[in-house]
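Chemist: For the sequence shown, position 45 (counting from the first letter as 1) is numbered 47 according to our numbering, and the numbering increases by one without interruption.
A virtual CB, placed ideally from N, CA and C, is assigned to each residue, including glycine.
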Amino acid sequence: MTVESSAARKPRRSAAGKAGTTGSKTGTTAGTTGATGTKRTTRTTRSTAKKSTDPELVQLLTPEGKRVQNAEYDAYVAGITPDELRGLYRDMVLTRRFDAEATALQRQGELGLWASLLGQEAAQIGSGRATREDDYVFPTYREHGVAWCRGVDPTNLLGMFRGVNNGGWDPNSNNFHLYTIVIGSQTLHATGYAMGVAKDGADSAVVAYFGDGASSQGDVAESFTFAAVYNAPVVFFCQNNQWAISEPTERQTRVPLYQRAQGYGFPGVRVDGNDVLACLAVTKWALERARNGEGPTLVEAFTYRMGAHTTSDDPTRYRGDEERLAWEAKDPILRLRRYLEASHHADEGFFAELEAESETLGKRVREAVRAMPDPDHFAIFENVYADGHALVDEERAQFAAYQASFADEGGH
């Protein structure tokens with residue numbers, strides 16, 4: 003499907019003469035806060051000789067739900083209201099419920115496959131809510147929370163996983179591209195689109211989502227190169243969930259992922275991916291840079307995939323329970339709930355009402371999927387070759403025989 007450019011709505015400010023243009027800014031000092039709440043100053047784009055097992059990351063909410071100050075990023079969430087905080091919590095709860103329902107439907111045979119986002123709600127909701135309507139998003143196949151933020155009906159995400167369509171929404175309606183299965187290729191699409199946005203003179207920005215495993219793809223390296231050289235208004239949002247299927251992050255990189263940006267001449271920052279406020283603030287900062295003509299940014303959301311890579315995966319074969327339990331203590335939803343309760347921004351009535359809304363959403367998702375047609379099992383053979391092919395014909399016949407073997411003597 004061809005995606006039309008969201009053309010100039012406002013004149014785009016020129017990057018010429020700006021201190022933040024590509025190659026002119028080699029080190030950005032940012033005040034960050036570690037898991038203990040201790041403030042420290044780190045370099046987000048210049049590597050240091052210091053090595054530490056403690057990741058340097060931007061954090062505004064601790065796992066215990068305590069608000070910590072950050073001189074660099076507090077301004078981006080300074081005006082957030084209690085109602086907006088409750089909205090972020092609602093987004094994460096409903097996204098998790100939708101995700102759980104889709105997983106259950108796959109287990110019941112209603113979907114062929116499902117890629118769960120469990121544990122990554124804060125990274126997706128925080129970054130998704132940072133975007134403007136005229137921004138454009140290029141997802142992978144796991145950005146269900148971002149789709150929610152962009153106004154895509156969650157039931158429309160399920161047709162592809164049932165095998166009845168190639169994507170159930172019009173990308174131009176929500177500026178949210180179709181899911182991309184090929185690992186890393188969407189970063190090139192996003193970079194090219196962002197280059198077009200800049201040529202159109204628009205002040206909108208583009209976000210490309212990818213994972214830690216995709217960071218090893220050549221497509222991602224190429225997109226970094228083109229984005230840097232052409233000063234493209236794109237934010238590369240990497241959800242580092244620690245595992246590329248069964249390969250840990252240390253098999254993907256020898257340095258923290260956000261530091262890779264320095265080799266291309268643009269800023270990189272690591273954010274606590276389980277902190278929805280920090281993800282919101284850092285993404286707003288990166289999008290502001292893009293809109294101001296300051297070029298690309300790499301955001302590494304340091305988070306964790308709580309479940310399987312997809313429903314065809316068994317994570318117990320390559321990681322231990324102790325790792326999962328340690329990350330469960332950093333749960334993004336529980337973290338914000340603790341903050342809401344401690345700040346008296348939400349009461350039991352709010353949580354009870356949200357639980358009821360969650361149940362309603364689950365019911366709607368189940369009914370929508372079960373109302374979908376069954377997939378055509380033979381459609382996969384139809385468009386491989388325009389004029390047919392002997393090998394494809396042979397494979398189709400073998401598959402037909404296999405399908406027929408399930409029929410009983412009565413033909414059912």
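Please report how far the alpha carbon of V222 lies from the alpha carbon of S187, in whole angstroms.
Modeler: When rounded, the distance between both Cα atoms is 7 Å.
Chemist: Quick check: what's the CA-CA separation for G29 versus A292?
Modeler: Low per-residue confidence applies at G29: pLDDT is 40, beneath 50, and the placement is therefore not dependable enough to give any value.
Chemist: May I ask which residues mark the beginning and end of the alpha helix (DSSP H) holding T285?
Modeler: Segment V278 to R293, the alpha helix (DSSP H) holding T285.
Chemist: So if DSSP puts R69 in a beta bridge, which residue, or which two residues, is it bridged to?
Modeler: In the DSSP output, where bridge partners are listed per residue, R69 has L63.
Chemist: With DSSP run on the structure shown, which of helix, strand or coil describes A210?
Modeler: Three-state DSSP puts A210 in a strand.
Chemist: DSSP three-state label for G161, please.
Modeler: Residue state, collapsed to three classes: helix.
Chemist: CB-CB under 8 Å to T251, same chain, minus the five flanking residues each way: which ones, in chain order?
Modeler: Around T251: D214, N242, Q244, W245 and L259.
Chemist: If we count the other Cβ atoms within 10 Å of its Cβ and call it buried at 16 or more, is Y143 buried or exposed?
Modeler: Buried, since its Cβ has 16 or more Cβ neighbours within 10 Å.
Chemist: Check this for me: beta carbons of I185 and Q219, under 9 Å apart or not?
Modeler: Yes, these two residues count as a Cβ contact at 9 Å.
Chemist: In its own chain, which residues sit with a C-beta less than 7 Å from the C-beta of L59, not counting the 5 before and 5 after it?
Modeler: Taken in chain order, the residues that qualify are T34, R272, V273, D274 and F304.
Chemist: Does S314 pass the burial test, meaning 16 or more other C-beta atoms within 10 Å, or should it be called exposed?
Modeler: The residue is exposed, with fewer than 16 neighbouring Cβ atoms inside 10 Å.
Chemist: Using a Cβ-Cβ cutoff of less than 6 Å, which residues in the same chain neighbour A288 once the five nearest sequence positions on both sides are dropped?
Modeler: Here the set comprises V237, T299 and V301.
Chemist: Which of the three DSSP states, helix, strand or coil, is assigned to P334?
Modeler: Helix, per DSSP.
Chemist: Roughly how many whole angstroms lie between the Cα atoms of Y91 and I335?
Modeler: Spanning the two alpha carbons is a distance of roughly 7 Å.
Chemist: Taking only the alpha-carbon atoms, compute the straight-line gap between G121 and R337 and give it to the nearest angstrom.
Modeler: Spanning the two alpha carbons is a distance of roughly 12 Å.
Chemist: Pop quiz: C240 and S217 are said to be a contact at Cβ under 8 Å. What is the actual Cβ separation, rounded to whole angstroms?
Modeler: Rounded, the Cβ-Cβ distance is 6 Å, consistent with contact.
Chemist: Can you check whether the CB of H146 is closer than 9 Å to the CB of L119?
Modeler: In this structure, H146 lies closer than 9 Å to L119 by Cβ.
Chemist: Measuring CA to CA, which of H347, D316, M308 and I247 is closest to E324?
Modeler: Cα-wise, what sits closest to E324 is M308.
Chemist: Let me make sure I understand the geometry here. Which of G165, V166, D155 and R164 has the alpha-carbon closest to that of F172?
Modeler: It should be pointed out that residue 172 corresponds to Asp in this sequence rather than to Phe. Of the candidates G165, V166, D155 and R164, the one whose C-alpha sits nearest the C-alpha of D172 is D155.
Chemist: According to the neighbour-count rule (16 or more other Cβ atoms, all chains shown, within 10 Å of its Cβ), is P141 buried or exposed?
Modeler: Buried is the call here.
Chemist: Taking the CB atoms as reference points, tell me whether F178 and A104 lie closer together than 9 Å.
Modeler: It is not a contact, given that the beta carbons lie outside the stated cut-off.
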